[in-house]
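One structure is given below, encoded as structure tokens.
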Amino acid sequence: MKAHLLSALMVALLASTGVHAQQKTSGVDLRDIDPAVRPQDDFFLHLNGKWLAKTEIPADKASWGSFEKLDDDTKPQLRAIIEAAAAANKDKAGGPEAQRIGDFFASYMDEARLEELRLLPLKPDFDRIAALNDKTLIPGLIAHFNRQGYTAPYGFAIHQDNKDSTRYVADLYQDGLSLPDRDYYLKKSDKKLAATLAQYERHVAKMLTLAGNANAAADARAIVALETQLAGLQWTKVQLRDPVKAYNKVPLNRLARLAPGYDWKTWLNDTGIGGKTDYVIVGQPSYISGFNKLLGKTPLATWKAYFQWQVLHANAPYLSKDFVQENFAFYGKVLSGTAEQQPRWKRGVNATDGALGEALGKLYVEQHFPPERKARMEALVKNLLAAYRASIDTLDWMGPETKKQAQDKLAKFTTKIGYPNKWRDYSALVVNKDDLVGNVRRAQVFAYEKEVNKLGKPIDRDEWGMTPQTVNAYYNPELNEIVFPAAILQPPFFDADADDAVNYGAIGAVIGHEISHGFDDQGAQYDGDGNLRDWWTKADHKNFAAKTRQLVKQYNGYSPVKGYFVNGALTLGENIADNSGAAIAYKAYLISLNGQPAPVIDGLTGQQRFYMGFGQVWRAKIREAQQIVYLKTDPHSPDQFRANGTVRNQPGFYEAFGVKPGDKLYLPPKDRVIMW
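Read left to right, the sequence shown gives residues -21 to -1, 1 to 655 (mature numbering (1 follows the signal peptide of the UniProt record, and there is no 0)).
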């Protein structure tokens, strides 16, 4: 049976990718290899050493690598699209969508208008906060903040019900902090985090002063104290990874039990949730109860200052120059270590992209995504799925019953490549050329209403969670889908002129990574229909847990910044995906050779080029302050460990580079975590 499966897969692979004889380039960037570092000791540094030594992180970036460079490369492309839309609008030839794109960007670039307006666009919000004479009005204000996209003590999102994937539901979640993670408020023993918190308080005071608050210093102290109390109530990032504990179905008429005396009726009506559903999912019930108690004991004046600050914080990038500069001084320089702010045109492109992403995406795809690229990606995805099917049957840690369920889930995977089948309609969005803050807020409300209006309606399986111009990819367990936007399908992830080996190591491992999220410690809790359901036997749970504990231990030992370590539990899902994706992509590559030897190109074997394709994807440098932010918040491991931490678990890497005991990347076979 196994031989039959592999033979069929070989035929499919050759039919879809049979281009070995035509492809001459290795796809490996040989210029940046450091021969002084052995690949067996530090694969990341060997592959990228010269690049790391000569490359400076751009002054307006917190990090710089494969992802950031591709993203930066799309900015001039998007700017050209925007300016063409503006020109078409000027000539009355572009239609209403071109007008929206051009006018939104123009409103961002009109700095003179922003200096003239200063805080005037925020007056309605400030007036509402000033009129807050009783805490009973706070639920309505929070609903308003949710609608506007401002940070509030709690928020909500519309998505599929995790236990009934045929319907949409509102999911309440903890929120309210202006720093990246609760640790910034609570870890007083960490000198760097404590210093950041002190600088944050000074920043809040400066922003309030700019806004004319005569009590800015005292209000800033009160705001930081309040956010610290909210942080103390919050679940940790690791706790938030448990979808079962986060699934707490609460009928609307029982919310009062969770937060006695809180005016849920006003909040539900003002958000638009009321009348569209009869229940919500409360992600962190203890937080909601704790917030309600904190609401009662915190002075109204403190809440008013907090809400004033959040209005300023949300709108700071779209105000006059003094607010923009102070906002960057803290969130750019202090928090991320970035030396300079991005040029205004880039920020304008980002803002326009955020508001009209699919309108831009439609034009981006027309100009920058050749159809043949999508076709070749479809073939690669098909090959990786086939490799997963074959691999499931050979697993020694998964029993027959669970394997059957795993195959069923894999068969139900949906793949989306490049761009959506249908584009978002922006005709209801009003954009004015002289009203940046208004444009941003209307775009936020437009997106908000689109989400709330999903309640009670059929699931939209054509919707995308990313725009085509996004350099990223994702797996959605509720739709059981893998999604690859057009912009990531470029070198070093996908090189149409390169030999198959490097593409399997790069985009192939990315595909494998996203597929494996369906079977990581979180995704494996969902079935093929997107429902949170335990489909594993007890024995297989035990085997899987043993492997994941071993992986957590491995990554806990990695330290990118002195005194700071990777959180193996927080990054577990992504570490599983990195290791599994590389393993499956490698199997798919070997099968694609159809028993024939891979060509040697640039003195490198096919096996070596595969792993080098994988390793060069993670080429990156990052500022220390930003690295600490990521260690606290990012479920991905730092880039050097996504490379080194993965390959040391791959038997093929040992074969390709002759890794032996005594080499720094060597792990004894019993310590290697092999999941696929």
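Glycine included, C-beta positions come from ideal geometry on N, C-alpha and C. Treat the numbers as computed from the prediction; the structure is a model and nothing was measured.
Suppose the cutoff is 7 Å on Cβ atoms and the five residues either side in sequence are ignored; what does the same chain contact list for residue i look like?
i           : result
Q423        : Q127, G128
residue 672 : In the structure displayed, the chain extends from -21 to 655; residue 672 sits before or after that span and is not available.
I267        : Y133, L151, L237, A238, V261
G641        : none
D500        : T527, L551, G552, I555
V303        : A295, P296
I80         : I61, A64, T331, L335, A338, L339
Which whole-angstrom value describes the C-beta separation of residue i and residue j, a residue pair presumed to lie in contact below a C-beta threshold of 8 Å?
i    : j    : result
L601 : S42  : According to the sequence displayed, residue 601 carries Ile and not Leu. Right, the Cβ-Cβ distance comes to about 4 Å (below 8 Å), so this counts as a contact.
R627 : N27  : Wrong, their Cβ atoms sit about 17 Å apart, outside the cutoff.
D478 : S5   : 6 Å
T145 : I580 : Not really, about 50 Å apart at Cβ, beyond 8 Å.
A485 : G582 : That belief does not hold up - the Cβ atoms of A485 and G582 are roughly 20 Å apart, past 8 Å.
V290 : L101 : 6 Å
G560 : V481 : That belief does not hold up - the Cβ atoms of G560 and V481 are roughly 15 Å apart, past 8 Å.
D52  : W30  : Actually they do not touch by this definition, with Cβ atoms about 16 Å apart.
V203 : L165 : Not a contact, Cβ separation roughly 12 Å.
F472 : G397 : Not a contact, Cβ separation roughly 13 Å.
V462 : W443 : 6 Å
When the Cα of residue i is compared with those of the options, which residue comes out closest?
i    : options                : result
P37  : E319, Q78, V261        : E319
H496 : T612, W655, A480, Y543 : W655
M88  : A295, K102, R323       : R323
Q586 : I260, A635, A136       : A635
Y343 : I60, D13, L646         : I60
K114 : D650, K395, L273, V328 : L273
R220 : G552, R368, Q605, K639 : G552
Y163 : P100, V148, G631, L314 : L314
Q208 : T394, F270, I607, T446 : F270
D50  : V462, N451, A480       : N451
L335 : E345, L364, S406       : S406
Y427 : T34, T394, A149        : A149
R200 : T188, A210, R181       : R181
Q178 : I467, R621, E357, Y310 : Y310
P14  : K361, H25, D20         : H25
D557 : V540, S538, I607, P614 : P614
N623 : G594, V328, E603       : G594
L57  : A564, D332, N459, P630 : D332
K412 : T394, A91, W376, V545  : A91
Whose C-beta lies closer than 8 Å to the C-beta of residue i among residues of the same chain, with five residues either side of it excluded?
i    : result
G134 : N125, L151, Y152, D154
A503 : G497, W515, F523
S265 : L212, W214
G119 : D242, T245, W246, D249
Could you check whether the Cβ of residue i sits closer than 8 Å to any Cβ belonging to chain C?
i    : result
K171 : Here there is only one protein chain, and chain C is not present.
Does DSSP classify residue i as helix, strand or coil?
i     : result
Q135  : According to the sequence displayed, residue 135 carries Phe and not Gln. Reduced to three states, the DSSP call for F135 is strand.
E634  : helix
A238  : coil
R627  : coil
A(-1) : Confidence at A(-1) is low in this model, with a pLDDT of 42, below 50, so the placement of that residue should be treated as unreliable; the coordinate-derived value is given next. Here A(-1) sits in coil by DSSP.
G547  : coil
D257  : coil
P75   : helix
D642  : coil
Q218  : helix
W288  : helix
W43   : strand
V489  : helix
Q153  : strand
P350  : helix
Y343  : helix
F392  : coil
R58   : helix
D650  : helix
V531  : helix
R403  : coil
K228  : strand
Between residue i and the rest of its own chain, which residues show a CB-CB distance below 6 Å, the 5 nearest in sequence each way excluded?
i           : result
L610        : Y543
V652        : K526, Q529, L530, N628
residue 669 : Residue 669 is absent from the structure shown; the chain starts at -21 and stops at 655.
residue 658 : Any answer about residue 658 is impossible in this case: the structure gives the chain only from -21 up to 655.
E493        : A452, Y454, I461
- Message: Could you check whether the stretch 507 to 515 touches the stretch 559 to 576, counting it as contact only if at least three pairs of C-beta atoms, one from each stretch, sit closer than 8 Å?
- Response: With the cut-off at 8 Å, the stretch 507 to 515 and the stretch 559 to 576 do not touch.
- Message: Measuring CB atoms only, is the stretch 204 to 214 touching the stretch 231 to 247, in the sense that at least three cross pairs come out at less than 8 Å?
- Response: Touching, no.
- Spell out a yes or no on whether the stretch 242 to 259 and the stretch 187 to 194 are touching, meaning 3 or more CB-CB pairs, one atom from each, closer than 8 Å. In short, these stretches do not touch, since the Cβ pair count stays below three.
- Task: Give a yes or no on contact between the stretch 385 to 402 and the stretch 281 to 298, applying the rule of three or more CB pairs nearer than 8 Å.
- Result: Counting Cβ pairs under 8 Å, fewer than three are found: no touch.
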